[in-house]
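Undergrad: Numbering of the sequence shown is given in full-length UniProt numbering, commencing with residue 1 and proceeding in unit increments.
Yeah, the Cβ is synthetic: ideal placement off N, Cα and C, and Gly gets one too.
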Amino acid sequence: MPRQADYFRRHADSGYAWLAGEVYHPLNEFVWVWIEFGLPGILLLLGGWAWLLAGLFRRRDIFSRMLAVSLCACVIFAMFSYPLKYPLASVIGIVAMWRVCAGMSGRIKMNEWGWRWVGMAGVVVSVVALIKVSVAYSYEYEWSRVARCALHGHSREMMPRYADLYRHYHRDASFLYNYTAEQFYAGQYEEALKTAKECRALWPSYNLSLLTGDICRAAGKYGEAVQYYVQAHWMCPVRFAPLEGLYYAYKSGNRPLMADSVANVIFRKKIKVDSRDVQRIKKEILEDMRHGEKMVP
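1) Is residue 304 near Ala96, with beta carbons less than 8 Å apart?
2) Give the range of the alpha helix (DSSP H) segment to which Asn178 is assigned.
3) Just mark Ala136 as buried or exposed, buried being the case when its beta carbon has 16 or more other beta carbons within 10 Å.
4) Using 8 Å for Cβ pairs, my map puts Met289 next to Gln4. What's the rounded Cβ distance?
5) Is the stretch 174-183 close to the stretch 142-158, with three or more CB pairs under 8 Å?
6) When the distance is taken between beta carbons, is Leu208 closer than 8 Å to Cys199?
7) Taking its Cβ as the centre, do 16 or more other Cβ atoms sit within 10 Å of Ser155, making it buried, or is it exposed?
8) Rounded to whole angstroms, what is the Cα-Cα separation between Arg239 and Asp260?
9) With the cut-off set at 8 Å, would you say Val226 and Leu246 are in Cβ contact?
10) Quick one, are the C-beta atoms of residue 299 and Met1 less than 8 Å apart?
11) Helix, strand or coil: how does DSSP classify Val33 here?
12) Taking the C-alpha atoms as reference points, what is the distance between Ala186 and Ser144?
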């Protein structure tokens, strides 16, 4: 997203600005693997896929052929979407690996003790995997409970429980974003800015820039708020929310001329998708300009 913002800042009149939105994941699984893991990652992925296909096609039964066709379908979808994020693709891959390994086991000659060691290793791996899944589920369940309580207006009361979860999720961008938002709602602005900084190192998104601007404005750091709102605006130039925040940041920072300039941009701005939020923003800013003493939200 920062690269997208830099592009539109340099090409303000680009026609692509009308299409810009927040990008969470490349619409190509292979591109994502290349970005995250480099050339070794993409070679390993393609090599594993080729190995599975070769093993499945060597078997003559219909089930193996069905798995091979399913793997090919996953690869085709991966060129235009991100199927690896969904459980079905993982299930197909695991079943395909089991099918190939089952076919290979019949050709491997091993004595009784060798098979016992293989069985013991399988049991150990299964137990470790079960423990990891159970621990992950317990943390996910606790996070969902805490988030629901915070959503019902108990953000301040949930802060100690969020702090406990932070020890486990301190490298999870989604949790850090949620934690930042709840710290903001709880009035812990400095702590929220620290958490937002950690989140930005993992996930420099449009929503995070917008949220950080709101936090800075609430903390009275209007200059920093302007920077984050401007960044959010260039990430997605078609959206109105960054301009709304920018207007109120300028007004709260005693820069009425800049606030009026932003208001004029909002009124002249072409609407891509009309919504209640867009109409609310225009209505509230128009009323605010007509009644200069109106309290800034």
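TA: Inspection of the coordinates gives the following:
1) Here the chain has residues from 1 to 297 only, and residue 304 is not among them.
2) Along the sequence shown, one-based indexing puts residue 178 at 178. Per DSSP, Asn178 belongs to the alpha helix (DSSP H) from Ala173 to Tyr185.
3) Residue mapping note: residue 136 aligns to position 136 of the sequence shown, counting from 1. Only exposed fits Ala136, as fewer than 16 other CB atoms lie within 10 angstroms of its CB.
4) Within the sequence shown, numbered from 1, the residue matching residue 289 stands at position 289. Within the sequence shown, numbered from 1, the residue matching residue 4 stands at position 4. Contact between Met289 and Gln4 does not hold, since their C-beta atoms are separated by about 31 Å, which reaches or exceeds 8 Å.
5) A contact exists between the stretch 174-183 and the stretch 142-158.
6) Mapped onto the sequence shown, residue 199 falls at position 199. Mapped onto the sequence shown, residue 208 falls at position 208. Result yes, Cβ atoms of Cys199 and Leu208 sit closer than 8 Å.
7) Mapped onto the sequence shown, residue 155 falls at position 155. By the neighbour-count definition (other C-beta atoms within 10 Å, threshold 16), Ser155 is a buried residue.
8) Indexing the sequence shown from 1 puts residue 239 at position 239. Indexing the sequence shown from 1 puts residue 260 at position 260. When rounded, the distance between both Cα atoms is 18 Å.
9) As a working note, residue 226 is residue 226 in the sequence shown. As a working note, residue 246 is residue 246 in the sequence shown. Against a cut-off of 8 Å, the Cβ pair of Leu246 and Val226 comes out as a contact.
10) No information on residue 299 is available, as it lies outside the stretch 1 to 297 that the chain covers here.
11) Position 33 of the sequence shown holds residue 33. Correct three-state label for Val33: helix.
12) Within the sequence shown, residue 186 is the residue found at index 186, counting from 1. Within the sequence shown, residue 144 is the residue found at index 144, counting from 1. Note on geometry: alpha-carbon atoms of Ala186 and Ser144 lie some 18 Å from one another.
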